[in-house]
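In the order they appear, the protein sequences are chains A and B.
Last residue of the first sequence: 118 in the working numbering, with the numbers rising by one and none dropped.
Last residue of the second sequence: 144 in the working numbering, with the numbers rising by one and none dropped.
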Amino acid sequence: GQNIDQPTEMTATEGAIVQINCTYQTSGFNGLFWYQQHAGEAPTFLSYNVLDGLEEKGRFSSFLSRSKGYSYLLLKELQMKDSASYLCAVRDNTDKLIFGTGTRLQVFP
Amino acid sequence: DTEVTQTPKHLVMGMTNKKSLKCEQHMGHRAMYWYKQKAKKPPELMFVYSYEKLSINESVPSRFSPECPNSSLLNLHLHALQPEDSALYLCASSQDRTSGVRETQYFGPGTRLLVL
Numbered sequence: 010g011q012n013i014d015q016p017t018e019m020t021a022t023e024g025a026i027v028q029i030n031c032t033y034q035t036s037g038f039n040g041l042f043w044y045q046q047h048a049g050e051a052p053t054f055l056s057y058n059v060l061d062g063l064e065e066k067g068r069f070s071s072f073l074s075r076s077k078g079y080s081y082l083l084l085k086e087l088q089m090k091d092s093a094s095y096l097c098a099v100r101d102n103t104d105k106l107i108f109g110t111g112t113r114l115q116v117f118p
Numbered sequence: 029d030t031e032v033t034q035t036p037k038h039l040v041m042g043m044t045n046k047k048s049l050k051c052e053q054h055m056g057h058r059a060m061y062w063y064k065q066k067a068k069k070p071p072e073l074m075f076v077y078s079y080e081k082l083s084i085n086e087s088v089p090s091r092f093s094p095e096c097p098n099s100s101l102l103n104l105h106l107h108a109l110q111p112e113d114s115a116l117y118l119c120a121s122s123q124d125r126t127s128g129v130r131e132t133q134y135f136g137p138g139t140r141l142l143v144l
């Protein structure tokens, strides 16, 4: 079966660093995506990993270990506007995007 | 430009009504998707179109009928829906369905549907 696990909720303080973990067991692997979704809005693309290692994009970085079925999203210098849900999604061997349940991040002043 | 537009933003319909949701993108993308999202749940794939042909139907009930008139447009026709079909319906597009970053999906703002 397909399984993507993320913590349900996380809290952090403005200016801090937070790491959101994602573990996956899917039918094949053709890439991992992170999306941000504010309440009532559409998901917006943050990052893409297909090879092991770290991808850095401004305040956001994403890491992948294919052998461990593991990824994390690292958010630095947190801002209030970063309060949102963060969705980990894996493209499986049928070319479908399988989403995790999402991690709801709350940033406090 | 990574914009996908959807209309209407909100829709209320009765169980006997027929309505359509519309999605449009002008990024030259050749793959388009419909997702259904319930509150506090991840998006669930419904349909995938690749080069204007239906390539995936995730066993969606026939009261949902997709249509891809051309490479920029995607419709979802609704008929005889049930209250449990109330959800946020998201459209997405990607360059195509090859491997790699070209598969990155860009989502529209969604249509919030309420079935009474």
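Positions of the beta carbon are idealized from the N, C-alpha and C atoms, including for glycine.
Segment limits, beta strand (DSSP E) that includes residue 85 of chain B: 81-85
What would DSSP say about residue 59 of chain A, mapped onto helix, strand or coil? coil
Can residue 136 of chain B and residue 34 of chain B be called in contact, C-beta distance under 9 Å? Residue 34 of chain B sits close to residue 136 of chain B, with the two beta carbons spaced by under 9 Å.
Residue nearest to residue 12 of chain A in terms of C-alpha spacing, selected from A:35, A:102, A:28: A:35
C-alpha distance - residue 99 of chain A paired with residue 80 of chain A, whole-angstrom precision: 10 Å
My understanding is that residue 114 of chain B touches residue 142 of chain B, with C-beta atoms under 8 Å, so please give their C-beta distance in whole angstroms. 5 Å
What does residue 51 of chain A reach in chain B if we use C-beta pairs closer than 7 Å? 118, 135, 136, 137, 138
Touching by the beta-carbon criterion (3+ pairs, under 8 Å), the stretch 29-45 of chain A and the stretch 104-118 of chain A: When Cβ pairs closer than 8 Å are counted between the two stretches, the stretch 29-45 of chain A is seen to touch the stretch 104-118 of chain A, the count reaching three or more.
What are the start and end residues of the beta strand (DSSP E) that includes residue 38 of chain A? No beta strand (DSSP E) contains residue 38 of chain A, which DSSP labels as neither H nor E.
Nearest-angstrom beta carbon gap, residue 101 of chain B and residue 41 of chain B [assumed within contact, 8 Å]: Actually they do not touch by this definition, with Cβ atoms about 21 Å apart.
Enclosing beta strand (DSSP E) for residue 14 of chain A [first to last residue]: 12-14
With 9 Å as the C-beta to C-beta threshold (strictly closer), list the residues of the stretch 90-102 of chain B near chain A in chain order. none
Measuring alpha carbon to alpha carbon, tell me which of B:129, B:126, B:133 ends up nearest residue 120 of chain B. B:133
Can you find the residues in the same chain that come closer than 8 Å, C-beta to C-beta, to residue 23 of chain A, ignoring five residues on each side of it along the sequence? 87, 88, 89, 116, 117, 118
Would you verify that the beta carbon of residue 37 of chain A is, or is not, closer than 9 Å to some beta carbon of chain B? no
When we look at the beta-carbon of residue 54 of chain B and count the other beta-carbons within 10 Å, is it buried (16 or more) or exposed? The residue is exposed, with fewer than 16 neighbouring Cβ atoms inside 10 Å.
When you compare the CB positions of residue 39 of chain A and residue 131 of chain B, do they come within less than 9 Å of one another, or not? Going by C-beta atoms, residue 39 of chain A is nearer than 9 Å to residue 131 of chain B.
Would you mind telling me which residues of chain B sit closer than 8 Å to residue 61 of chain A, beta carbon to beta carbon, in chain order? By Cβ distance, chain B contributes nothing, its closest Cβ being about 15 Å from residue 61 of chain A, past 8 Å.
Considering only their Cβ atoms, is the gap separating residue 69 of chain A from residue 55 of chain A smaller than 9 Å? yes
Measure from the C-beta of residue 95 of chain A to each C-beta in chain B and report whether the shortest distance is under 9 Å. no
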